[in-house]
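**Student:**
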Amino acid sequence: MRTVRIANGQGFWGDNVDEPLRLLELGPIDYLGMDYLAEVTLSIMMRQKLKNPAAGYATDFLDFARRALPLLVEKNVKVITNAGGLNPRACRERIFEIARALGLSGLRVGIVEGDDLLARLPALVAAGHELCNMDSGAPLAPLLDRVSSANAYVGARPVAEALAQGAQIVLCGRVTDTALALGPLVHEHGWAADDWDRLAAGTVAGHILECGAQATGGNFTRFWEVPDLANVGYPIAEVAADGSFAVTKHPGTGGLVTVDTVSEQLVYEMGDPDSYITPDVTADFTTIRLAQEGPDRVAVSGIRGRPNTPFLKVSASYLDGYKASGQVTISGPRAVEKARLAAEIVWQRLARAGVTFPEEMRRVELLGAGAVLPGILSAPADPPEVVLRLAVRDADRAKVDRFGKEIAPLVTAGPPGVTGFAGGRPKAQEVVAYWPALLAREEVEAHLAVSVEEV
1043 MRTVRIANGQ GFWGDNVDEP LRLLELGPID YLGMDYLAEV TLSIMMRQKL KNPAAGYATD
1103 FLDFARRALP LLVEKNVKVI TNAGGLNPRA CRERIFEIAR ALGLSGLRVG IVEGDDLLAR
1163 LPALVAAGHE LCNMDSGAPL APLLDRVSSA NAYVGARPVA EALAQGAQIV LCGRVTDTAL
1223 ALGPLVHEHG WAADDWDRLA AGTVAGHILE CGAQATGGNF TRFWEVPDLA NVGYPIAEVA
1283 ADGSFAVTKH PGTGGLVTVD TVSEQLVYEM GDPDSYITPD VTADFTTIRL AQEGPDRVAV
1343 SGIRGRPNTP FLKVSASYLD GYKASGQVTI SGPRAVEKAR LAAEIVWQRL ARAGVTFPEE
1403 MRRVELLGAG AVLPGILSAP ADPPEVVLRL AVRDADRAKV DRFGKEIAPL VTAGPPGVTG
1463 FAGGRPKAQE VVAYWPALLA REEVEAHLAV SVEEV
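Take 1043 as the starting number for the sequence shown in the working numbering and just add one per residue.
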């Protein structure tokens, strides 16, 4: 029975840039997943694309390609990534440029398009798709002119299709994190679209892998038990055709793979454990069975699944005003008292200038005096220093910018001990708000397109 070895080398855009290469170098793998997208990432990519039509993808992936393409070709490892973001076609062209510069030929790169709904939103709303906010129930229509991105979460089938067409790299937009693993498994094992238990197993494997080192000791509650965390190995799932699999890492790397580390990743971003909904399947996480098979090896089995839903989730973002924050360090005796006085000075000086913010639109935090976990951890009665962080939010950009001019004067026109003015004068930044919604899956799947080209 063939076992497919799938690794994950990126848990987000900004993760360790060396780990994907180490996964290739240190041992055999068949597939390498690389996850770059979060809900806010696509809105950032959209701003980049508006400035430059050739942008809108994760540029870090190009750096990986420069370093890894020869090894990928030599070892015939296939890469599945959502680095394509809002512009997988442009990302593919850059990959081909790199391949040609390296003297490589015959590299086949597939792209998955159709998840980007931004241009279609007016027509969808006009056709009666309200795209109501899943939290508030409000319809999207009043915000249409402020929406900056809108992408449907796509499942594993287009990934499998690209692999079936011979792609060695598959560049996607907003596929689900779990599809980076499930797509190769559908392709390799031939799992049917209604093979719910196996699809659920592949989804769980993808969920364990998706955050990189979080499954191998990173961010682990009992961090003191994790050996050589600086050298932590990223996770690998060895998946059999029946859906059973083991989680491990390359020998000689740091970190830890135990029932506990895997369990902590399983409950990450977990809603209803009985119904973990993806475009491909509804997985029942309560059926998962974990067993320690040996050092740094956990067996996963027993997973059950149910049919997928008639809807796909849409992740949209929209402009919702402006924000700014600034901070200073305040040290010496009575540091907390001085920090609270400094905050009041800022609000009073702003009011004198005719600038006020509602209480819910301004924030005062005293880091070092119990601000992070209030009521959970006790703060020292008189800490020798605190960091005063002030923040505001408003629809009026000019008011937010005016706030930014009142932090620095605290150094000489505030209480004593104000030092460490960090980051320069705060400037207004756009607030990008999240809008989750549901859309009939046929409205997305009818527009999906997979293409594979060769350099």
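We put the CB at the ideal spot given by N, CA and C, even for glycine.
Quick check: the Cα distance between L1065 and I1122, rounded to an integer number of angstroms?
**Tutor:** Stepping through the sequence shown from its first residue, residue 1065 is reached at position 23. Stepping through the sequence shown from its first residue, residue 1122 is reached at position 80. The alpha-carbon atoms of L1065 and I1122 are separated by roughly 14 Å.
**Student:** Please check the pair G1446 and A1366, which I expect to be a contact at CB under 8 Å, by giving their CB distance rounded to whole angstroms.
**Tutor:** Translated into the one-based positions of the sequence shown, residue 1446 becomes position 404. Translated into the one-based positions of the sequence shown, residue 1366 becomes position 324. Sure, about 5 Å apart at Cβ, within 8 Å.
**Student:** For a quick check, are the C-beta atoms of G1275 and T1258 less than 7 Å apart?
**Tutor:** Along the sequence shown, read from residue 1 onward, the residue named residue 1275 stands at position 233. Along the sequence shown, read from residue 1 onward, the residue named residue 1258 stands at position 216. The answer is yes: Cβ separation under 7 Å.
**Student:** Do L1128 and D1158 have their CB atoms nearer than 7 Å?
**Tutor:** Here the question's residue 1128 lines up with position 86 in the sequence shown. Here the question's residue 1158 lines up with position 116 in the sequence shown. Yes, the pair counts as a contact, with Cβ atoms nearer than the cut-off.
**Student:** Exposed or buried, which one is K1093 when buried takes at least 16 other CB atoms within 10 Å?
**Tutor:** Translated into the one-based positions of the sequence shown, residue 1093 becomes position 51. Answer is exposed; the Cβ neighbour count stays below 16.
**Student:** So, does the stretch 1339-1354 touch the stretch 1385-1403, judging by three or more C-beta pairs under 8 Å?
**Tutor:** The stretch 1339-1354 vs the stretch 1385-1403: no contact.
**Student:** For the alpha helix (DSSP H) containing L1361, list its first residue and its last residue.
**Tutor:** Looking up residue 1361 in the sequence shown gives position 319. Where L1361 is concerned, there is no enclosing alpha helix (DSSP H), although the beta strand (DSSP E) it sits in stretches over 1353-1373.
**Student:** Assuming R1142 contacts L1104 (C-beta within less than 8 Å), just tell me the rounded distance between them.
**Tutor:** For the purposes of this step, residue 1142 is taken as residue 100 along the sequence shown, with counting starting at 1. For the purposes of this step, residue 1104 is taken as residue 62 along the sequence shown, with counting starting at 1. Not quite, the Cβ-Cβ distance comes to about 14 Å (not below 8 Å), so this is no contact.
**Student:** Taking Cβ to Cβ, would you say V1228 is nearer than 7 Å to A1198?
**Tutor:** Translated into the one-based positions of the sequence shown, residue 1228 becomes position 186. Translated into the one-based positions of the sequence shown, residue 1198 becomes position 156. In contact: V1228 and A1198 (Cβ atoms closer than 7 Å).
**Student:** Please report the Cβ distance between D1338 and V1299, rounded to the nearest whole angstrom; I am assuming they are in contact, meaning their Cβ atoms lie under 8 Å.
**Tutor:** As a working note, residue 1338 is residue 296 in the sequence shown. As a working note, residue 1299 is residue 257 in the sequence shown. Rounded, the Cβ-Cβ distance is 4 Å, consistent with contact.
**Student:** Between the Cα of G1462 and the Cα atoms of D1316, V1414, V1453, S1190, which residue gives the shortest distance?
**Tutor:** Counting from 1 along the sequence shown, the entry for residue 1462 is found at position 420. Here the closest residue by C-alpha is V1453.
**Student:** From what residue to what residue does the beta strand (DSSP E) around W1477 run?
**Tutor:** Here residue 1477 refers to the residue found at position 435 of the sequence shown. Note, W1477: beta strand (DSSP E), 1471-1482.
**Student:** Enumerate in chain order the residues of its own chain whose CB-to-CB distance from H1292 is below 6 Å, with the five nearest sequence positions on each side excluded.
**Tutor:** Residue 1292 sits at position 250 when you count from the first residue of the sequence shown. Excluding residues within five positions, the ones whose Cβ falls inside 6 Å are L1068, G1069, G1275.
**Student:** Could you check what DSSP says for Q1207 in three-state terms: helix, strand or coil?
**Tutor:** For the purposes of this step, residue 1207 is taken as residue 165 along the sequence shown, with counting starting at 1. Note: Q1207 maps to coil in three-state DSSP.
**Student:** If contacts are defined as beta-carbon pairs under 8 Å, then P1130 and G1215 qualify, I think. What distance do you get, rounded to the angstrom?
**Tutor:** Residue numbering aside, residue 1130 sits at position 88 when the sequence shown is read from its first letter. Residue numbering aside, residue 1215 sits at position 173 when the sequence shown is read from its first letter. The Cβ separation is near 6 Å, so the contact holds.
**Student:** Do G1347 and V1323 have their C-beta atoms closer together than 7 Å?
**Tutor:** On the sequence shown, position 305 is the one that residue 1347 refers to. On the sequence shown, position 281 is the one that residue 1323 refers to. In contact: G1347 and V1323 (Cβ atoms closer than 7 Å).
**Student:** Report all residues from its chain with a CB closer than 7 Å to the CB of A1413; omit the five preceding and five following residues, and keep chain order.
**Tutor:** Start at 1 with the first residue of the sequence shown, and residue 1413 comes out as number 371. Within the same chain, A1413 has close Cβ partners E1407.
**Student:** Could you pull the start and end residues of the alpha helix (DSSP H) that R1308 belongs to?
**Tutor:** For this step, residue 1308 is matched to residue 266 along the sequence shown. A quick correction: the sequence has Leu, not Arg, at residue 1308. Start and end: 1301-1308.
**Student:** Can you tell me which of G1336, E1311, Q1334, E1335 puts its alpha carbon nearest to the alpha carbon of F1327?
**Tutor:** Here residue 1327 refers to the residue found at position 285 of the sequence shown. Answer by Cα proximity: E1311.
**Student:** Would you mind working out which of S1359, A1107, E1139 sits nearest L1186, comparing C-alpha positions?
**Tutor:** Locating residue 1186 in the sequence shown gives position 144, counting from the first residue. Checked all of S1359, A1107, E1139; the closest Cα to L1186 is S1359.
**Student:** Which value, in whole angstroms, describes the spacing of the CA atoms of A1132 and A1333?
**Tutor:** Taking the sequence shown and counting its residues from 1, the one referred to as residue 1132 is at position 90. Taking the sequence shown and counting its residues from 1, the one referred to as residue 1333 is at position 291. Rounded to whole angstroms, A1132 to A1333 spans 44 Å at the Cα level.
**Student:** Pull up the distance between the alpha-carbon of G1232 and that of E1203, whole angstroms please.
**Tutor:** By one-based count along the sequence shown, residue 1232 stands at place 190. By one-based count along the sequence shown, residue 1203 stands at place 161. When rounded, the distance between both Cα atoms is 11 Å.
**Student:** So, is M1087 buried or exposed, given that buried needs 16 or more other C-beta atoms within 10 angstroms?
**Tutor:** Your numbering for residue 1087 matches position 45 in the sequence shown. Buried.
**Student:** Assuming contact is defined by CB atoms lying nearer than 7 Å, are P1425 and A1377 in contact in what I supplied?
**Tutor:** Counting from 1 along the sequence shown, the entry for residue 1425 is found at position 383. Counting from 1 along the sequence shown, the entry for residue 1377 is found at position 335. In this structure, A1377 lies closer than 7 Å to P1425 by Cβ.
**Student:** Could you check where the alpha helix (DSSP H) with A1198 kicks off and where it finishes?
**Tutor:** Taking the first residue of the sequence shown as position 1, residue 1198 is located at position 156. Run containing A1198: none; DSSP gives neither H nor E here.
**Student:** Find out if the Cβ-Cβ distance for the pair A1192, L1163 is shorter than 7 Å.
**Tutor:** On the sequence shown, residue 1192 is found 150 positions in, with the first residue counted as 1. On the sequence shown, residue 1163 is found 121 positions in, with the first residue counted as 1. A contact, by the Cβ cut-off of 7 Å.
**Student:** What did DSSP end up calling S1085 once you bin it into helix, strand or coil?
**Tutor:** Reading the sequence shown from its first residue, position 43 is the one you call residue 1085. In the structure shown, S1085 sits in a helix (DSSP, three-state: H, G or I).
**Student:** Under the DSSP definition of a beta bridge, which residues are partnered with S1191?
**Tutor:** The residue labelled residue 1191 in the question sits at position 149 within the sequence shown. S1191 is bridged to S1359.
**Student:** DSSP state of M1312, grouped into three classes?
**Tutor:** One-based indexing of the sequence shown puts residue 1312 at position 270. Three-state DSSP puts M1312 in coil, outside helix and strand.
**Student:** Within 10 angstroms of the Cβ of D1236, are there 16 or more other Cβ atoms? Answer buried if so, exposed if not.
**Tutor:** Along the sequence shown, read from residue 1 onward, the residue named residue 1236 stands at position 194. Counting Cβ neighbours within 10 Å, D1236 comes out exposed, since fewer than 16 surround it.
**Student:** Please decide whether A1381 counts as near chain D, where near means a Cβ-Cβ distance under 7 Å.
**Tutor:** Within the model displayed, chain D is absent; a lone protein chain is all it includes.
**Student:** Of the choices A1491, P1458, E1495, V1474, whose alpha-carbon is the least far from that of E1081?
**Tutor:** Taking the first residue of the sequence shown as 1, we reach residue 1081 at position 39. Looking at the Cα atoms, V1474 is the closest of the given residues.
**Student:** Can you tell me the Cα-Cα spacing of N1050 and P1181, whole angstroms?
**Tutor:** Position 8 of the sequence shown holds residue 1050. Position 139 of the sequence shown holds residue 1181. Going by the C-alpha atoms only, they are around 37 Å apart.
**Student:** Taking its Cβ as the centre, do 16 or more other Cβ atoms sit within 10 Å of Q1256, making it buried, or is it exposed?
**Tutor:** Mapped onto the sequence shown, residue 1256 falls at position 214. Under this definition Q1256 is a buried residue.
**Student:** Going by alpha carbons, who is nearest to R1483 out of K1117, L1173, R1044?
**Tutor:** The count along the sequence shown starts at 1 and reaches residue 1483 at position 441. For R1483, the nearest C-alpha among the options comes from L1173.
**Student:** Counting only the same chain and skipping the five closest in sequence on each side, list residues whose C-beta sits under 6 Å from that of A1381.
**Tutor:** Your numbering for residue 1381 matches position 339 in the sequence shown. Closer than 6 Å at the Cβ level, and outside the excluded window around A1381, lie I1372, L1408, V1428, L1430.
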